[in-house]
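Peer 1:
There are 4 protein chains.
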Amino acid sequence: MENKLIRVGVIGCGAIGKEHIERLTNVVPQTKVVAVYDYVDKVAQDVAEKYDATSYASGEELIRSDEVDAIVVASTDDTHAGYAMECLKQNKYVFCEKPLALTAKECEEMMEVEAKQGHRLLQMGFNRRFDKGYVEMKKAIEEGEIGAPLMIHSAHRNISQAPGFETDYAITRVAIHEIDISRWLLGDEYDEVQVLSVKQSKRTTGDWLNPQLIMFKTNSGQRIDVEVQTDGAYAYDIQCQVVGEAGTLDLPDPATVVKRENQQVSYGLGDHWASRFSDSYNEEFLGWATGILKDQLVGASTWDGYASCVTSDALIKSRETGKPEKVTLMEQPEIYK
Amino acid sequence: MENKLIRVGVIGCGAIGKEHIERLTNVVPQTKVVAVYDYVDKVAQDVAEKYDATSYASGEELIRSDEVDAIVVASTDDTHAGYAMECLKQNKYVFCEKPLALTAKECEEMMEVEAKQGHRLLQMGFNRRFDKGYVEMKKAIEEGEIGAPLMIHSAHRNISQAPGFETDYAITRVAIHEIDISRWLLGDEYDEVQVLSVKQSKRTTGDWLNPQLIMFKTNSGQRIDVEVQTDGAYAYDIQCQVVGEAGTLDLPDPATVVKRENQQVSYGLGDHWASRFSDSYNEEFLGWATGILKDQLVGASTWDGYASCVTSDALIKSRETGKPEKVTLMEQPEIYK
Amino acid sequence: MENKLIRVGVIGCGAIGKEHIERLTNVVPQTKVVAVYDYVDKVAQDVAEKYDATSYASGEELIRSDEVDAIVVASTDDTHAGYAMECLKQNKYVFCEKPLALTAKECEEMMEVEAKQGHRLLQMGFNRRFDKGYVEMKKAIEEGEIGAPLMIHSAHRNISQAPGFETDYAITRVAIHEIDISRWLLGDEYDEVQVLSVKQSKRTTGDWLNPQLIMFKTNSGQRIDVEVQTDGAYAYDIQCQVVGEAGTLDLPDPATVVKRENQQVSYGLGDHWASRFSDSYNEEFLGWATGILKDQLVGASTWDGYASCVTSDALIKSRETGKPEKVTLMEQPEIYK
Amino acid sequence: MENKLIRVGVIGCGAIGKEHIERLTNVVPQTKVVAVYDYVDKVAQDVAEKYDATSYASGEELIRSDEVDAIVVASTDDTHAGYAMECLKQNKYVFCEKPLALTAKECEEMMEVEAKQGHRLLQMGFNRRFDKGYVEMKKAIEEGEIGAPLMIHSAHRNISQAPGFETDYAITRVAIHEIDISRWLLGDEYDEVQVLSVKQSKRTTGDWLNPQLIMFKTNSGQRIDVEVQTDGAYAYDIQCQVVGEAGTLDLPDPATVVKRENQQVSYGLGDHWASRFSDSYNEEFLGWATGILKDQLVGASTWDGYASCVTSDALIKSRETGKPEKVTLMEQPEIYK
């Protein structure tokens, strides 16, 4: 498939779906969006017209179409698992937005099907694995620059949320990035996780819990703390410090200009993940295209989607019990090692 | 007493005692060291000769001497309480190194005596309250620059320890600074504290636990995490970030020169608290002298020494039980409010 | 032409030419390299084969081909003017590497031809105008964030040069970026420029002058100083501080990870312009493609290429005379205003 | 004199004089202010009363008094030379504020007298030589950390000036610090200096020239540029970058707290030299006291005062002629080598 243009079908044409279509069109030379589907028919038709693509009557039809080589799933959370499973069954490449599924069981079934197909077909939308900063951190860790990693201190702060936000989303939609990136940086799985209650912020616009303090312990005893502010924070700001025996690594602030004015030195921070991680989204889709052309997918796998599901479940349980909860994973299938 | 030179007696002429004597002599114009005592007689005599002071046969004798206006207690940890109590009974000003006592009960007795004397006589050696960075942070918090404070993320990292170091010292001698400064920054007392086990560093030179991760929860629900590396760290490095509803405050690195060389931008970090906090030690003793001259002591009080004792005890217990432990303080006496 | 794929011919398949071809192929979805030429025939043929393009017998033939919509000129410096002029005569879009020409006269002739064609056809390869940092700086200046700009302090430091480097190249190939970007940031033309001799670096591997200190004065009296190290510097490092009446703007270092290790805080700097300005090269070609599709070229124009030629000449003369030299520009044609 | 308290007389009790008296009293244990003089008698008497000192009828009387061991000259610029000379004749230690004199000739006469006394008696008030940052820079240069130094880029920016400010003061009172510190950092004397005109700031509150751009060339060809903003700048801000063959050294900003708030990361800058360089003033007077007690003065000497006078004169001439002007120094007397 090396030189072919990858014909992509996109399921879900909301904000994120549209952003993905734009990228696949204007950033990734190896892909062309040829098919779209949205449960609101009109939305799909408008997008189809704009990008010279075909609008399909259902996601399943789109997935099975001979016109479509690979699928992007950017529909509502509850539909991810169904579409992703259909792609795997059709032996088609799929890029699936987080979360992979609402239950760990669905993830397990997907892994079974993918294993039978004999090669990786699914890439999870964990874009931070393509962020230059995180990539350099992982490289530095693996090259032993800070000795054995022992801890991660991190923070995930947001200015606002779309209407309808709920307490659990702080885990399933927000901290899920730290769930994935911390495992990836440390190369270990979680043993035990906990949500700690914190004094609440009066700047929260709804009635969900904010902030929350999340703790992970890996199998080798590494500790990760994640401060999660889902609303009312001063900026969209992501902090990450990996602490090793011999040193630490920090993600720097994404400053573009430093200003001196009015007795102050300052630089700006963004307001949204879309701008903060824009480059990583580009790299993520470029990586996906290259992975497809070589039949060697990179990025987060179905296993990673599964691990983040199980961890999210344990965190939600911990919030309810007020105690640490175990993360119990199945044996890792060969294909993901 | 406004214009008098304060005649100081120093009990304990080890490394820290000598450093204090040097400061009282060469940095603080309002004090003169006139009396010294050490349980090793020869050490005291040498110091007495060097600084033109009198060597006393016992700490008690020094405290009671008419020659001595104020006392610095820098002897071994187990003797602090006895000397401090004697000073209070003699109605003399005392600067006491941490910890104030080995038991909370002794602290309570001291507070009773001090209250009877009717004015503050004791200043604890919590130097960070005089560090420019922490002082500015507290001011910014109190002026509402970051809204209500919700969390503190901090780290206390050391390159090495003197021989004989033990696991509990990570709390009673190291994290005790964070115990005090976090209460001070937030203006609240602790409700519950916990020690979390962490993957151990192979760079530890002895058999004590290192690192340890320490968690505090205040009465209003604020959370503080303190990473404690007592040995093998890349530098003596202190980090502190206060997280408020509307912003955060960070202690900057104490850089003196920034170098660009060999494809790198860098600045140095120190190897020891003595250099890192040198200015704060100066300010601490200058503040003590001024406090004495005005009979209005500043800095950490007997109450603060007591609170840090009770908190240390709860942390040590938590390390043993593996669970959060309550911090239960007596009613705060009027004199400390 | 809005939805057409732009068929690009590349003249010059050396290091820079190859990098441009790679970008036009793998980064810019709107372009396809269909034609190449190099004065070493074998080189052109290899590249043609690799990218599925046609190798031409001459640059002129390539330019005139009906197969080719737009041309990239990345050949040796002395051939730029000839190829660019031919493109303009053929009314074809051209991306021309710096310098535009070896003489100001050639630039004037090009502007005459371009003006007759009635629209901008040429974009100069001044990539920094597409760098996020410089773009933000210009925006901040124009929004009045630092008041009227008065000065720029800048430095352009290189680790090494290809064999055959000469003293004048410090201006025509290195500082030419500062010649262009400073004019662009300030929105003014130069009145007078000067090269100042400086103590020489023993790390220079050849016999050219290094470093050189370059000074510009604009028509409104703004001063720009540019330190130029062409060899032996600690890194490829670009510094730029714009000083306004009310504040300053600095280009920050492009740090990806900050490390604490061995009593030091550090982050890495790159060794080459290709990595330091990689993103800006992407943006530059994406911008070129969009400009072509809209027939509204952006980026540096033939006028800018002309201004940099005249300024380079004045600087070279100043180095010889040891005095400031005037920069005298013709009246600016309407088309570039 | 090793253990004696140094009895200091202060001539000039204006803002700076008072600040010095305060330091000598409350920061330097080895000194006591016993005598004061001011040409406004009432001012001197008030100060004398406050600090328990004697008010003298003239500066000369104070200098000659047996009560006075050492003198601080903080009177108006035109009187420095006379008082300093009298101190030297009386073989008394003197701390003299900049400038040392209004003419180079007076400096030469002082050096003659001091040489006859056979030891250094005079310390110039160039406080930056005691600033931690500059001290570390000089140490790093001397240890070869950046190879041979080739250039210095520096800026000296002020928010405001006292009434009566004039164009020349930008050199004699402001840039004089860079005149001294650059020579000291590089260990070389100036060959040629120049003032370049710059676009003027509308934020200047008077009619003097602001900003000015000042250039020095040392005997070995090193170049120094100094941007001088005497009024209207965003803060009191001092920048200094030493550029060596193998690296650079920068003075970091004196941040005490870093704030994240309102989509911005920021830290404050001061408004005045008094706070920016407070520590260096402390060190300067502590160093003076120690120097006196050991009869080995440190800090800037009469020679340094002379060199800065000659350089100032050449700069003022350059501003008038619009050309570089030579700096011609006499042979350096043995005593200053």
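Chains W, H, L and Z supply the protein sequences, listed in that same order.
Read in the UniProt record's numbering, the first sequence has 261 at position 261, and its numbers run on one by one without any break.
Read in the UniProt record's numbering, the second sequence has 111 at position 111, and its numbers run on one by one without any break.
Read in the UniProt record's numbering, the third sequence has 111 at position 111, and its numbers run on one by one without any break.
Read in the UniProt record's numbering, the fourth sequence has 280 at position 280, and its numbers run on one by one without any break.
All C-beta atoms in this analysis are idealised placements derived from N, C-alpha and C, irrespective of residue type, glycine included.
In chain L, what lies closer than 7 Å to Z/D225 by C-beta?
Peer 2: Sequence index remark: in the fourth sequence, residue 225 of chain Z carries index 225 (1-based). Chain L residues near Z/D225: D225.
Peer 1: Let me know the secondary structure DSSP gives L/E2 once reduced to three states.
Peer 2: The residue you call residue 2 of chain L lines up with position 2 of the third sequence. Residue placement at L/E2 is poorly supported in this model, since its pLDDT is 45, which falls under 50; the coordinates still yield a value, given next. Coil.
Peer 1: Determine whether the beta carbon atoms of H/A300 and H/F126 lie at a separation below 8 Å.
Peer 2: In the second sequence, residue 300 of chain H corresponds to position 300, counting from 1. In the second sequence, residue 126 of chain H corresponds to position 126, counting from 1. It is a contact, given that the beta carbons lie within the stated cut-off.
Peer 1: Have a look at L/W208, L/G187, L/T79 and flag the residue whose alpha-carbon is nearest the alpha-carbon of L/P99.
Peer 2: Reading the third sequence from its first residue, position 99 is the one you call residue 99 of chain L. L/P99 has its Cα closest to that of L/T79, out of L/W208, L/G187, L/T79.
Peer 1: Around the Cβ of L/V265, are there at least 16 other Cβ atoms within 10 angstroms (buried) or fewer (exposed)?
Peer 2: Numbered from its first residue, the third sequence carries residue 265 of chain L at position 265. When all chains shown are included, L/V265 counts as buried.
Peer 1: According to the Cβ coordinates, are H/V34 and H/V68 closer than 8 Å?
Peer 2: Counting from 1 along the second sequence, the entry for residue 34 of chain H is found at position 34. Counting from 1 along the second sequence, the entry for residue 68 of chain H is found at position 68. Yes. Within cutoff.
Peer 1: Report the residue ranges of all alpha helix (DSSP H) runs contained in full by the stretch 89-120 of chain W; include only those spanning at least 4 residues, in chain order.
Peer 2: 104-117
Peer 1: Is L/M330 helix, strand or coil when you go by DSSP?
Peer 2: Along the third sequence, read from residue 1 onward, the residue named residue 330 of chain L stands at position 330. If DSSP states are grouped into helix, strand and coil, L/M330 belongs with coil.
Peer 1: Excluding sequence positions up to five away, which residues of its chain have a Cβ less than 6 Å from the Cβ of Z/I224?
Peer 2: Residue numbering aside, residue 224 of chain Z sits at position 224 when the fourth sequence is read from its first letter. Cβ neighbours of Z/I224 beyond the five flanking positions: I152, S182, F216.
Peer 1: Taking contact to mean 3 or more Cβ pairs, one atom from each stretch, closer than 8 Å, check whether the stretch 296-312 of chain L and the stretch 24-33 of chain L are in contact.
Peer 2: No contact exists between the stretch 296-312 of chain L and the stretch 24-33 of chain L.
Peer 1: Select from L/G12, L/A70, L/E19 the residue whose C-alpha is nearest the C-alpha of L/K4.
Peer 2: For this step, residue 4 of chain L is matched to residue 4 along the third sequence. Of the candidates L/G12, L/A70, L/E19, the one whose C-alpha sits nearest the C-alpha of L/K4 is L/A70.
Peer 1: Should Z/T230 and Z/V174 be called a contact, given that it needs their Cβ atoms to be closer than 8 Å?
Peer 2: In the fourth sequence, the residue the question calls residue 230 of chain Z occupies position 230. In the fourth sequence, the residue the question calls residue 174 of chain Z occupies position 174. The Cβ-Cβ distance between Z/T230 and Z/V174 falls below 8 Å.
Peer 1: Would you call L/E245 buried or exposed, if buried means 16 or more other Cβ atoms sit within 10 Å of its Cβ?
Peer 2: Here residue 245 of chain L corresponds to residue number 245 of the third sequence, with the count starting at 1. So L/E245 ends up on the buried side.
Peer 1: Is the Cβ of Z/H272 closer than 8 Å to any Cβ of chain L?
Peer 2: Translated into the one-based positions of the fourth sequence, residue 272 of chain Z becomes position 272. It does not; no Cβ of chain L falls within 8 Å.
Peer 1: Look at Z/S280 and Z/D131 and say whether their C-beta atoms are less than 8 Å apart.
Peer 2: Position 280 of the fourth sequence holds residue 280 of chain Z. Position 131 of the fourth sequence holds residue 131 of chain Z. Yes, Cβ-Cβ distance for Z/S280 and Z/D131 is below 8 Å.
Peer 1: Using 8 Å for Cβ pairs, my map puts Z/G270 next to Z/A235. What's the rounded Cβ distance?
Peer 2: As a position in the fourth sequence, residue 270 of chain Z is number 270, starting the count at 1. As a position in the fourth sequence, residue 235 of chain Z is number 235, starting the count at 1. That pair is a contact at about 7 Å.
Peer 1: Report all residues from its chain with a CB closer than 7 Å to the CB of Z/A255; omit the five preceding and five following residues, and keep chain order.
Peer 2: Looking up residue 255 of chain Z in the fourth sequence gives position 255. So the list reads Y267, once near-sequence residues are dropped.
Peer 1: Which runs of the alpha helix (DSSP H), 4 residues or longer, sit entirely within the stretch 165-224 of chain Z?
Peer 2: 176-186
Peer 1: Please classify W/C13: does DSSP put it in a helix, a strand, or coil?
Peer 2: Indexing the first sequence from 1 puts residue 13 of chain W at position 13. Coil.
Peer 1: Restricting to Cα atoms, I'd like to know which of Z/Q222, Z/V228, Z/E86 is closest to Z/L209.
Peer 2: Within the fourth sequence, numbered from 1, the residue matching residue 209 of chain Z stands at position 209. Cα-wise, what sits closest to Z/L209 is Z/V228.
Peer 1: Just confirm the distance between the C-beta atoms of W/S154 and W/V226, as a whole number of angstroms; I'd bet it's less than 8 Å.
Peer 2: The count along the first sequence starts at 1 and reaches residue 154 of chain W at position 154. The count along the first sequence starts at 1 and reaches residue 226 of chain W at position 226. The C-beta distance from W/S154 to W/V226 rounds to 5 Å, short enough to meet the 8 Å contact threshold.
Peer 1: Which first and last residues belong to the beta strand (DSSP E) in which L/S275 is found?
Peer 2: Numbered from its first residue, the third sequence carries residue 275 of chain L at position 275. Careful: L/S275 lies outside any beta strand (DSSP E), inside the alpha helix (DSSP H) at 273-276.
Peer 1: Could you give the first and the last residue of the continuous beta strand (DSSP E) run that contains H/A155?
Peer 2: Taking the first residue of the second sequence as 1, we reach residue 155 of chain H at position 155. Here the beta strand (DSSP E) through H/A155 covers 149-157.
Peer 1: Just checking my contact of L/V243 with L/L150 at CB under 8 Å: how many whole Å lie between their CB atoms?
Peer 2: For the purposes of this step, residue 243 of chain L is taken as residue 243 along the third sequence, with counting starting at 1. For the purposes of this step, residue 150 of chain L is taken as residue 150 along the third sequence, with counting starting at 1. With a Cβ gap of about 6 Å, L/V243 and L/L150 count as contacting.
Peer 1: According to DSSP, is residue 349 of chain Z part of a helix, a strand, or is it coil?
Peer 2: This structure cannot speak to residue 349 of chain Z, because chain Z is shown only from 1 to 337.
Peer 1: Counting contacts by CB-CB distance shorter than 8 Å, is W/H153 in contact with chain H?
Peer 2: Taking the first residue of the first sequence as position 1, residue 153 of chain W is located at position 153. Closer than 8 Å: yes.
Peer 1: Do L/A140 and L/L249 have their C-beta atoms closer together than 8 Å?
Peer 2: Counted from its first residue, the third sequence places residue 140 of chain L at position 140. Counted from its first residue, the third sequence places residue 249 of chain L at position 249. Closer than 8 Å, so yes.
Peer 1: Could you name the residues of the same chain whose beta carbon sits closer than 6 Å to that of H/Y93, not counting the 5 residues immediately before and after it, in chain order?
Peer 2: If you number the second sequence from 1, residue 93 of chain H lands on position 93. Answer for H/Y93: A70, L121, I292, listed in chain order.
Peer 1: Using a beta-carbon distance below 8 Å, is W/P99 in contact with chain H?
Peer 2: If you number the first sequence from 1, residue 99 of chain W lands on position 99. Judged by the 8 Å Cβ criterion, W/P99 is not in contact with chain H.
Peer 1: Using C-beta distances below 8 Å, list every residue in its chain close to residue 358 of chain W, excluding the 5 sequence neighbours before and after it, in chain order.
Peer 2: This structure leaves residue 358 of chain W out entirely; chain W is present only between 1 and 337.
Peer 1: Once DSSP output is grouped into helix, strand and coil, what is the label at L/K317?
Peer 2: Taking the first residue of the third sequence as 1, we reach residue 317 of chain L at position 317. DSSP places L/K317 in the helix class (H, G or I) of the three-state scheme.
Peer 1: In the stretch 32-50 of chain Z, which residues sit with their C-beta less than 7 Å from some C-beta in chain H, listed in chain order?
Peer 2: Listed by position, the residues of the stretch 32-50 of chain Z near chain H (Cβ gap below 7 Å) amount to none.
Peer 1: The alpha helix (DSSP H) spanning W/V47 covers which residue range?
Peer 2: On the first sequence, residue 47 of chain W is found 47 positions in, with the first residue counted as 1. Looking at the DSSP string, the run of the alpha helix (DSSP H) that includes W/V47 is 41-51.
Peer 1: Assuming W/E19 contacts L/G247 under a Cβ cut-off of 8 Å, what Cβ separation, rounded to an integer in Å, is found between them?
Peer 2: Position 19 of the first sequence, counted from the start, is the residue given in the question as residue 19 of chain W. Position 247 of the third sequence, counted from the start, is the residue given in the question as residue 247 of chain L. Wrong, their Cβ atoms sit about 35 Å apart, outside the cutoff.
Peer 1: Going by DSSP, what residue range makes up the alpha helix (DSSP H) through H/G59?
Peer 2: Taking the second sequence and counting its residues from 1, the one referred to as residue 59 of chain H is at position 59. Per DSSP, H/G59 belongs to the alpha helix (DSSP H) from 59-64.
Peer 1: Determine, using beta carbons only, whether L/D250 comes closer than 8 Å to chain W.
Peer 2: Taking the third sequence and counting its residues from 1, the one referred to as residue 250 of chain L is at position 250. Answer yes: the Cβ-Cβ gap between L/D250 and chain W drops below 8 Å somewhere.
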